[in-house]
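Visitor: Dropping the structure in here first, questions after.
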Amino acid sequence: MKINSVNSANINPYKQQQTKIDQMKTQHVQQADKVEISTRAKEMQETNRIQTERKEKVDQLKTEVENGTYKLEPNRIAADLAKFFQK
Numbered sequence: 006m007k008i009n010s011v012n013s014a015n016i017n018p019y020k021q022q023q024t025k026i027d028q029m030k031t032q033h034v035q036q037a038d039k040v041e042i043s044t045r046a047k048e049m050q051e052t053n054r055i056q057t058e059r060k061e062k063v064d065q066l067k068t069e070v071e072n073g074t075y076k077l078e079p080n081r082i083a084a085d086l087a088k089f090f091q092k
């Protein structure tokens, strides 16, 4: 029987498979996750913040009205109404 050459690819297939797995892990580690928040999402976050502040103010006013401690400022109301209707 004559052996011309040894096919080294078939000698240790497990080693080749492990090398491929190691290469894939290395490539996977090199890629970092990246998150970008769209401008629309940023606007929604700002809207939620404003709504929260407004709700706190409304709750405070409700409490003052219920307790009878809310005081009207007629001059300020008149000035604000005048500004509104002048536009």
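For the sequence shown, the numbering used here begins at 6 and goes up steadily by one.
Glycine included, C-beta positions come from ideal geometry on N, C-alpha and C.
Remember, predicted model here, so these are calculated numbers, not experimental data.
How many angstroms separate the CA atom of Ile26 from the CA atom of Ala46?
Guide: Looking up residue 26 in the sequence shown gives position 21. Looking up residue 46 in the sequence shown gives position 41. Distance between the alpha carbons of Ile26 and Ala46: 39 Å.
Visitor: Under DSSP, the alpha helix (DSSP H) around Ala87 begins and ends at which residues?
Guide: Walking along the sequence shown from the start, residue 87 turns up at place 82. Unbroken alpha helix (DSSP H) run through Ala87: Pro79 to Gln91.
Visitor: DSSP three-state call for Ala46: helix, strand or coil?
Guide: In the sequence shown, the residue the question calls residue 46 occupies position 41. Looking at Ala46 - three-state DSSP - the assignment turns out to be helix.
Visitor: DSSP three-state call for Thr31: helix, strand or coil?
Guide: Locating residue 31 in the sequence shown gives position 26, where the first residue counts as 1. DSSP places Thr31 in helix when its eight states are reduced to three.
Visitor: Quick one: what does DSSP say Thr52 is sitting in, helix, strand or coil?
Guide: Along the sequence shown, one-based indexing puts residue 52 at 47. Of the three classes helix, strand and coil, the one that applies to Thr52 here is helix, per DSSP.
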